[in-house]
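For the sequence shown, my numbering gives the first residue as 143, with consecutive numbering after it.
C-beta: ideal position from N, C-alpha, C; glycine also.
Written below as structure tokens is the structure these notes are about.
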Amino acid sequence: MKAIVLRLPLMLLYSVLVIGCGSLPSQEGRTMSAALSTSGAAETRLGQAAAPLTAAHPGVTGIHPLPNPHDAFAARILLARNAERTLDVQYYIWHNDITGNLLVGALYQAAERGVRVRLLLDDTNTVGLDHPLAALNEHPRIEVRLFNPFTTRRFRLLGFIGDFSRSNRRMHNKSFTADNSATIIGGRNIGDEYFAATNEVQFTDLDVLGIGPVVQDVSRDFDRYWDSQSSYPVERVLPKPGPDAGERLEAGLEAAWQAPDAQQYQEAVASSKLVSDLQEHRLEFVWAPTRMVSDDPSKGLGFAYHEDLLSTRLIKALGQPQSRIRLVSPYFVPTDVGTRMFTDLAQQGVDIEILTNALEATDVAAVHAGYAKHRQALLEAGIRLYELKRRPQERNPRKRALPFSGSDSSLHAKTFSVDGNRIFVGSYNFDPRSAKLNTELGFLIESPELAQRLDRLFETLVPMAAYEVRLDDNGDLYWLERRDEGEPVRYDTEPNTSVFRRAGVSVLSVLPIDWML
143 MKAIVLRLPL MLLYSVLVIG CGSLPSQEGR TMSAALSTSG AAETRLGQAA APLTAAHPGV
203 TGIHPLPNPH DAFAARILLA RNAERTLDVQ YYIWHNDITG NLLVGALYQA AERGVRVRLL
263 LDDTNTVGLD HPLAALNEHP RIEVRLFNPF TTRRFRLLGF IGDFSRSNRR MHNKSFTADN
323 SATIIGGRNI GDEYFAATNE VQFTDLDVLG IGPVVQDVSR DFDRYWDSQS SYPVERVLPK
383 PGPDAGERLE AGLEAAWQAP DAQQYQEAVA SSKLVSDLQE HRLEFVWAPT RMVSDDPSKG
443 LGFAYHEDLL STRLIKALGQ PQSRIRLVSP YFVPTDVGTR MFTDLAQQGV DIEILTNALE
503 ATDVAAVHAG YAKHRQALLE AGIRLYELKR RPQERNPRKR ALPFSGSDSS LHAKTFSVDG
563 NRIFVGSYNF DPRSAKLNTE LGFLIESPEL AQRLDRLFET LVPMAAYEVR LDDNGDLYWL
623 ERRDEGEPVR YDTEPNTSVF RRAGVSVLSV LPIDWML
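Structure follows, in structure tokens:
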């Protein structure tokens, strides 16, 4: 028995080396394709609907915010249903659940109508999807590619350990573009928790629908990622599905659409007037200069130059903040460098307020630990910190007219405003992982109207939806909870958390793991 125990580490090491270090398939001879041309886009219904609006606002982009989860879901379905030529879809997470299956069905139906569908997924969250993705790829008008795929499908953890440097770099981008005429980008992945379709943890999030010049930027960026050395055709990674794969896929998608749990989403789509409002010029847009910022896809292999990173481009585009910053980040890990940046700005007179998740609401305790160690320094500099409370789920998501006004369990939106005239919306978290490891995408919008909407949320909604973290006269942290009636409630420890959870965060906060968060 002792000999067996002694051999276990060697057996594990052998498994990691043999299973985890499988070679990636060749990229030679991949099918080449590109986004629909602007002239081709102009011939589609979506392009024709957008044309008079963009002509009336030359050089700027139309932005329509999608804070409501049902509207965000309906927008994607409706774009897929109304696409005539192309759908280019890129996501970090795509779950095999109600909304995931319904959106796969929408892509499949589009392909059946003759639309070319390109689906690019990060491979880290595709567990259990090998057969559906392989079957989907069998359709003559659908191509599926995986970003930084795992060479072993069954033992992914060993594959992750065996090829850690590459596997730890993920594609966090999120975009959904139809006919190179309209695009949706933002914080939402594809899954029930992002569209208020589950009784489990739900996310408060924010996407935007864009028409105009920025759509071509997103399409060109999609092409960069599609053709990158990190994107592999699924037929080179996954086993070939059986001859009845198409029939089984169609049957599964039809069953998903007919399921009772899918009824509210059918109703959401049926009641949405997004496309008809766009076609009839009733959909409200904020027109503003908009810059797409993204990482070079070579970041997925660790080869991107510093100047090609989203964080570098974003800093250059923003310039020096002058008066105020309002930042929303679910996974806020400022690190020592970021803390110095924020405290320096505060000392220069910039008014800074930050909203992130409270410990009771976060879905990643290690990230909270990476944030918590910097709270005192931020507060001492005069920065106001708010931590979103975990709340009972809202039964009617349509009541949530603003991105943080609902009662979702956990914050997931990534947005910030600068000086009341610029706003960023995208996939970028203020953490080391977004800055150095994952690839990201977002819009920097030069819009006082949108920026000041976020500013007003910090004035009105955020103080009621979140705990405010403060320092007492002894320099100790405490939390204030404001309620509709009565005096604020004070907590001297992280609200509504156990001593064991707080202890776990304390232990994690001293470990040198910030670079992974």
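Between Thr635 and Glu502, the C-beta gap is not smaller than 8 Å, which leaves the two residues out of contact. The Cβ atoms of Arg218 and Arg258 lie no closer than 8 Å to each other.
CA-CA distance, Leu278 to Asn238, rounds to 13 Å.
Pairing Ser436 with Arg595, the inter-Cα distance amounts to about 24 Å. DSSP assignment within the stretch 219-278 yields the following whole beta strand (DSSP E) runs of 3 residues or more, N-terminal first: 228-233 and 258-264. Distance check between Ala397 and each of Ser307, Asn243, Leu299 and Asn341 places Asn243 closest, using alpha-carbon atoms only. In this model, Trp621 and Leu520 are separated by some 15 Å (Cα to Cα). For Arg260 against Ser361, the beta-carbon gap comes to about 11 Å, at or over 8 Å, which does not count as contact. Here Leu275 has Val286 and Val376 as same chain residues with Cβ atoms under 6 Å from its own Cβ, once five neighbours each way along the sequence are excluded. Cβ contact annotation for Ser569 (same chain, cutoff 7 Å, sequence separation greater than five): His314, Asn315, Lys316, Gly329, Lys556, Glu582, Leu583 and Gly584, in chain order.
In this chain, the beta strand (DSSP E) harbouring Trp621 covers Leu619 to Glu623. Among the bridge pairs identified by DSSP, Trp429 is matched with Gly204. Secondary structure note for Gly352: its beta strand (DSSP E) is the uninterrupted segment Asp349 to Ile353. Val379 sits in coil when the DSSP states are folded into three classes, being neither helix nor strand. In the three-state reduction of the DSSP assignment, Val506 falls in the coil class, being assigned neither a helical nor a strand state. Counting only the Cα atoms, Asp626 lies some 11 Å from Pro605. Excluding residues up to 5 positions away in sequence, His273, Ala276, Ala277 and Glu280 lie with their Cβ nearer than 8 Å to the Cβ of Ala387 in the same chain. Counted as a single uninterrupted DSSP element, the alpha helix (DSSP H) harbouring Val604 occupies residues Val604 to Ala607. For Ser307, the enclosing alpha helix (DSSP H) has its first and last residue at Phe306 to Ser309. Contact check for Ala507 and Val647: beta-carbon distance about 6 Å, within the 8 Å limit, so the pair qualifies.
Closest by C-alpha distance to Glu449, out of Gly442, Lys458 and Leu497, is Lys458. For Phe484, the uninterrupted alpha helix (DSSP H) run begins and ends at Thr477 to Gln489, by DSSP. Here the alpha carbons of Gly444 and Phe484 stand approximately 27 Å from one another.
As for any beta strand (DSSP E) of minimum length 3 sitting wholly inside the stretch 552-618, the runs are 557-560, 564-568, 583-587 and 608-613, ordered along the chain. Per DSSP, the beta-bridge partners of Leu469 are Ile496 and Phe558. Between Phe558 and Arg466, the C-beta gap is not smaller than 8 Å, which leaves the two residues out of contact. With contacts defined as CB atoms closer than 8 Å, Leu586 and Arg482 fail to qualify as a contacting pair.
Distance from Glu529 to Thr498 at the Cβ level is roughly 6 Å; contact confirmed, criterion being Cβ atoms closer than 8 Å. In the DSSP assignment, Val286 falls within the unbroken beta strand (DSSP E) covering Ile284 to Phe289. DSSP places Ser373 within a strand segment (E or B) once states are collapsed to three.
Cβ-Cβ separation between Leu188 and Asn224: approximately 6 Å, consistent with a contact (criterion under 8 Å).
Taking a contact to require three or more Cβ pairs closer than 8 Å, the stretch 202-218 and the stretch 347-356 qualify as touching. Distance between Ile284 and Val475, taken at the CA atoms: about 38 Å. Taken through DSSP and simplified to helix, strand or coil, Ile327 comes out as strand.
Cα atoms of Asp365 and Ile327: separation of roughly 16 Å, rounded to the nearest angstrom. Where Leu178 is concerned, there is no enclosing alpha helix (DSSP H), because DSSP gives it neither an H nor an E.
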